[in-house]
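*Asks:* Be aware that the sequence shown starts at 1, since it is given in the working numbering, and climbs by one per residue. Heads up, the beta-carbon is just placed ideally off N, CA and C, and yes, glycines get one too.
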Amino acid sequence: MNIIGTGSALPKKIVTNGMLSEFLDTSDEWITTRTGVKSRHVISDEKLEDLAIKAALKALDDASISAADLDFIICSNVVNEYVTPQLSCIIQGGIGAACPCMDINCACAGFIHALEIAESFYKAGRVNKVLIVCAEEPTRMTDWNDRSTCVLFGDGAGAAVLGPGENIRSIKLSASSATDKLWQYRLLHPTPYITKEECDVPLQMKGQDVFKFAVKAASGDISRTLAEVSVDPDQVDHYLVHQANTRIITAIRNYLHQPDEKFPVNITDHGNSSSSSCPILLDECSRAGRFNEGDLIVMSAFGAGFVSGAVLFKW
Ligand code: UT7
Numbered sequence: 001m002n003i004i005g006t007g008s009a010l011p012k013k014i015v016t017n018g019m020l021s022e023f024l025d026t027s028d029e030w031i032t033t034r035t036g037v038k039s040r041h042v043i044s045d046e047k048l049e050d051l052a053i054k055a056a057l058k059a060l061d062d063a064s065i066s067a068a069d070l071d072f073i074i075c076s077n078v079v080n081e082y083v084t085p086q087l088s089c090i091i092q093g094g095i096g097a098a099c100p101c102m103d104i105n106c107a108c109a110g111f112i113h114a115l116e117i118a119e120s121f122y123k124a125g126r127v128n129k130v131l132i133v134c135a136e137e138p139t140r141m142t143d144w145n146d147r148s149t150c151v152l153f154g155d156g157a158g159a160a161v162l163g164p165g166e167n168i169r170s171i172k173l174s175a176s177s178a179t180d181k182l183w184q185y186r187l188l189h190p191t192p193y194i195t196k197e198e199c200d201v202p203l204q205m206k207g208q209d210v211f212k213f214a215v216k217a218a219s220g221d222i223s224r225t226l227a228e229v230s231v232d233p234d235q236v237d238h239y240l241v242h243q244a245n246t247r248i249i250t251a252i253r254n255y256l257h258q259p260d261e262k263f264p265v266n267i268t269d270h271g272n273s274s275s276s277s278c279p280i281l282l283d284e285c286s287r288a289g290r291f292n293e294g295d296l297i298v299m300s301a302f303g304a305g306f307v308s309g310a311v312l313f314k315w
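1. Quick one: give me the first and last residue of the beta strand (DSSP E) that F153 is part of.
2. Please confirm whether A304 has its beta-carbon closer than 7 Å to some beta-carbon of chain B.
3. Enumerate in chain order the residues of its own chain whose CB-to-CB distance from W144 is below 6 Å, with the five nearest sequence positions on each side excluded.
4. Output the distance between the C-alpha atoms of G207 and A218, rounded to the nearest integer angstrom.
5. Which stretch, first to last residue, makes up the alpha helix (DSSP H) that contains M1?
6. From this set, I4, I53, F111 and A9, which residue's C-alpha is nearest G93's C-alpha?
7. Pull up the DSSP beta-bridge partners for W183, would you.
8. Who are the Cβ neighbours of S274 in its own chain at under 8 Å, not counting the five residues just before and after it?
9. G294 lies in the beta strand (DSSP E); which residues open and close that run?
10. Classify K123: buried if its beta carbon has 16 or more other beta carbons within 10 angstroms, exposed otherwise.
11. DSSP on C316, reduced to helix/strand/coil?
12. In terms of residue numbering, what span does the beta strand (DSSP E) encompassing A175 cover?
13. Can V127 and F72 be called in contact, C-beta distance under 7 Å?
14. Helix, strand or coil for G18, going by three-state DSSP, please let me know.
15. Shorter than 6 Å, the distance from the beta carbon of T26 to the closest heavy atom of the ligand NAD, or not?
16. Could you have a look at N145 and say whether DSSP puts it in helix, strand or coil?
17. Any chance the CB of S148 is under 6 Å from a heavy atom of the ligand UT7?
Below, the structure is given as structure tokens:
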């Protein structure tokens, strides 16, 4: 399996740290030094599905194929306006595809989980072209009066088209259930039989616990991914790490003893856009001409669950 095209789309509204400090007890200095975020794109009057469709069409164009060529669509999404139907089906119709599709919710690690699923379809000989779309609006999950969470996130969509090939060298996924560290409750409709107490709770996060998990999981996933195919960290040209916090990225970089220039970042302008973060970064690096053919790239992501994963692929 090879990645043969990428695309991304962002909401037009840009919210700076200064704008947040107008209604929150926070500052540009705190957010920048603790997270690396300076501004983020935030959904306003757009619909997430429109961003997803735009990112998908850009990826198809980049791959020089049409939607009719697709054999499967996988969409990674945590929340959107619809409970049902699934976002992948809305994207399927929006781009004019006719293939089957499915959604997955693996939080910020969704793109790597989608790659693992697609890779098994390729190994089974069932597909020729697959589209992965990650579309996320985490800014609709947070309480905008909670300075410890709402400053971290941004929205957007990232997509990749896959074709046959041998460029995916290794993928490792992990899960370790810790549902009290990063979670949100949504209120479902009552029934005559519900007696338990239920409530609508926005995103809650134990930041330091998530931070420690992220560094440990990413370091372990990357090491296992490289070890499986006997690749040394020094042989990798680029490390695309989930854009959650520059301090997390630095800790992973230090663990691997790798130079700063191998770790592209876009968190400064995007914040954490959940599973969209990795494919948006991939698309931006690709379009900026940062990759050369044959480069070895590691991608690593971690998120609520906890779940995490890493992949090594050749460009
Ligand atoms: O996609 C995966 C999801 N999430 C992550 O990867 C997040 C992982 N965690 C983190 O990135 C960091 O833990 C945070 C950025 C969330 C927080 O940074 P921290 O260095 O762990 O700060 P903290 O939670 O220990 O809070 C330090 C102080 C607290 O004040 P006190 O108790 O020391 O007086 C907070 O109330 O900073 C305060 N604080 C803020 N101050 C100004 C928390 N948020 C803010 C804020 N502005 N926005």
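*Replies:* Checking against the coordinates, here is how it stands:
1. By one-based count along the sequence shown, residue 153 stands at place 153. Segment: none, F153 is in no beta strand (DSSP E) and carries neither H nor E.
2. Among the protein chains of the structure shown there is no chain B, as only one such chain exists.
3. Position 144 of the sequence shown holds residue 144. C150, listed in sequence order.
4. Translated into positions along the sequence shown, residue 207 becomes position 207. Translated into positions along the sequence shown, residue 218 becomes position 218. Computed Cα separation, rounded: 16 Å.
5. For the purposes of this step, residue 1 is taken as residue 1 along the sequence shown, with counting starting at 1. Going by DSSP, M1 is part of no alpha helix (DSSP H) at all; its letter is neither H nor E.
6. As a working mapping, residue 93 is identified with position 93 in the sequence shown. Ranking I4, I53, F111 and A9 by Cα distance to G93 puts I53 first.
7. Position 183 of the sequence shown, counting from 1, holds the residue named residue 183. DSSP output for W183 lists Q204 as bridge partner(s).
8. For the purposes of this step, residue 274 is taken as the residue at position 274 of the sequence shown. For S274, where only same-chain residues beyond five positions count, the Cβ hits under 8 Å are V78, A107, C108, G110, C134, E136, P138, F153 and G303.
9. Your numbering for residue 294 matches position 294 in the sequence shown. From DSSP, G294 is part of no beta strand (DSSP E); its letter is neither H nor E.
10. In the sequence shown, the residue the question calls residue 123 occupies position 123. So K123 ends up on the exposed side.
11. One cannot answer for residue 316 here, as it falls past the ends of the chain, which runs 1 to 315.
12. In the sequence shown, counting from the first residue as 1, residue 175 sits at position 175. From DSSP, the beta strand (DSSP E) with A175 extends over I168 to A175.
13. Walking along the sequence shown from the start, residue 127 turns up at place 127. Walking along the sequence shown from the start, residue 72 turns up at place 72. In contact: V127 and F72 (Cβ atoms closer than 7 Å).
14. Start at 1 with the first residue of the sequence shown, and residue 18 comes out as number 18. In the structure shown, G18 sits in a helix (DSSP, three-state: H, G or I).
15. Among the ligands in the structure shown, the ligand NAD does not appear; only the ligand UT7 can be found there.
16. Residue numbering aside, residue 145 sits at position 145 when the sequence shown is read from its first letter. In this structure, N145 counts as coil in the three-state DSSP scheme.
17. As a first step, residue 148 must be located in the sequence shown, where it is residue number 148. Residue side-chain check: S148 places its Cβ nearer than 6 Å to a non-hydrogen atom of the ligand UT7.
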